[in-house]
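Throughout the sequence shown, residue numbering follows numbering that gives the first Met the number 0, covering 0 to 274 in sequence.
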Amino acid sequence: MLKKSILFLILIFVQFGFSQVTERKVLRGRVVSDSIGVERLTVSNITSNIDAITDVQGRFSIKAKATDTLFFESTSFISQKYILTEKDFWLPELEIILYVKMNELDEVIITPYTLTGDLKRDTKRIQVYGEGFTKIDTKTIKYYEDDVRKGTPANTAMPTVLAPTGVNLFGIVAGIVNLIGIEGNPKKNSERVFEERRMRDIQAKSFSDHMLERFSHHFFIETLKIKNEDIPTFMGFAELNVYELSPLLKTENELKLIEYLINKSVAFKLQNPTK
0 MLKKSILFLI LIFVQFGFSQ VTERKVLRGR VVSDSIGVER LTVSNITSNI DAITDVQGRF
60 SIKAKATDTL FFESTSFISQ KYILTEKDFW LPELEIILYV KMNELDEVII TPYTLTGDLK
120 RDTKRIQVYG EGFTKIDTKT IKYYEDDVRK GTPANTAMPT VLAPTGVNLF GIVAGIVNLI
180 GIEGNPKKNS ERVFEERRMR DIQAKSFSDH MLERFSHHFF IETLKIKNED IPTFMGFAEL
240 NVYELSPLLK TENELKLIEY LINKSVAFKL QNPTK
């Protein structure tokens, strides 16, 4: 019995020794992102404490072996860990996708003249020079001949509404304000302008960008159970056009958006059982 125990221990030590002497190979890889540059990212083999830096094209090479854990870190991207497998060493180049880290603004400064979109309200808030600018009507502007032509010299010492050239200044001032006034319903006009601007902003970004701005990488991995390497494919599977996406991006519909992504993740995994 003792001999069997000793033999068993020897076999364990031998196996452990072989596992320790497995040499690490040079692994070549590339970090990719669809938005910003991937130069000078830190790639760390946290199993062996070996580091590497990506070049201008995001490529890197580092000594590693199967089961080693690589850690990708940058101030601009969401940090990510990746556990290597034997298959990774068969590839000419291991591709790792990183997603941009969205930083919240600490403070938003609103100036006294920030526009609300309501033109009638904004024109009342913005300061103008001179009290007369509040009541201008171009229809009331009148022109008069110079008193000199009539043979009666003008008495400049006496108060008058006329300028030296014979123009009614109060009429001009009233006309300017009327000229820049808005017609129709200002509230509806403001809402229409705001919605058009919002739709343009939504169209300026891809569906994937909108989702990664709203949800963390952890949400896709842990909540939706989508593998890291399958996230781009899932984004294409769940993509909506701008008119379908627009209402779901509103704050009050965030739960509907989450429900939509959960349903899509279930359908995605049913359609791709290996995923």
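For every residue, glycine included, the Cβ atom is placed at its ideal position computed from N, Cα and C. Fair warning: this is a prediction, and the values are worked out from it, not measured in the lab.
- Under the DSSP assignment, LYS24 falls in the beta strand (DSSP E) whose first and last residues are 24 to 31.
- LEU223 and LEU248 have their C-alpha atoms some 19 Å from each other.
- Of the candidates LYS80, GLU92 and GLN79, the residue whose Cα lies closest to the Cα of VAL25 is GLU92.
- Here ARG58 carries a strand assignment [DSSP, helix/strand/coil].
- By the Cβ neighbour-count rule, MET101 is exposed, with fewer than 16 other Cβ atoms within 10 Å of its own.
- In terms of Cα proximity to GLU258, the closest of ARG58, SER34 and PHE219 is PHE219.
- In terms of Cβ geometry, ILE35 and ALA51 do not form a close pair [threshold 8 Å].
- Looking at the backbone, the Cα of LYS187 and that of ARG199 are separated by about 19 Å.
- According to DSSP, SER43 shares a beta bridge with ASP50 and PHE70.
- Around the beta carbon of ALA237, 16 or more other beta carbons lie within 10 angstroms, which makes this residue buried.
- For LEU93, the uninterrupted beta strand (DSSP E) segment begins and ends at 93 to 96.
- The Cβ neighbour count for VAL42, taken over all protein chains shown within 10 Å, is at least 16; the residue is labelled buried.
- Residue pairing by DSSP places PHE76 opposite VAL99 in a beta bridge.
- By the criterion of a C-beta distance shorter than 7 Å, LEU260 is surrounded in its chain by LEU223 and ALA237, once the five residues flanking it on both sides are discounted.
- The continuous alpha helix (DSSP H) containing LEU254 extends over residues 253 to 270.
- Measuring C-alpha to C-alpha distances from LEU90 to each of ARG39, GLY28, THR46 and ARG197 identifies GLY28 as the nearest.
- Shown here, ILE225 sits in coil according to DSSP, grouped into three states, outside any helix or strand.
- Where THR84 is concerned, there is no enclosing alpha helix (DSSP H), because DSSP gives it neither an H nor an E.
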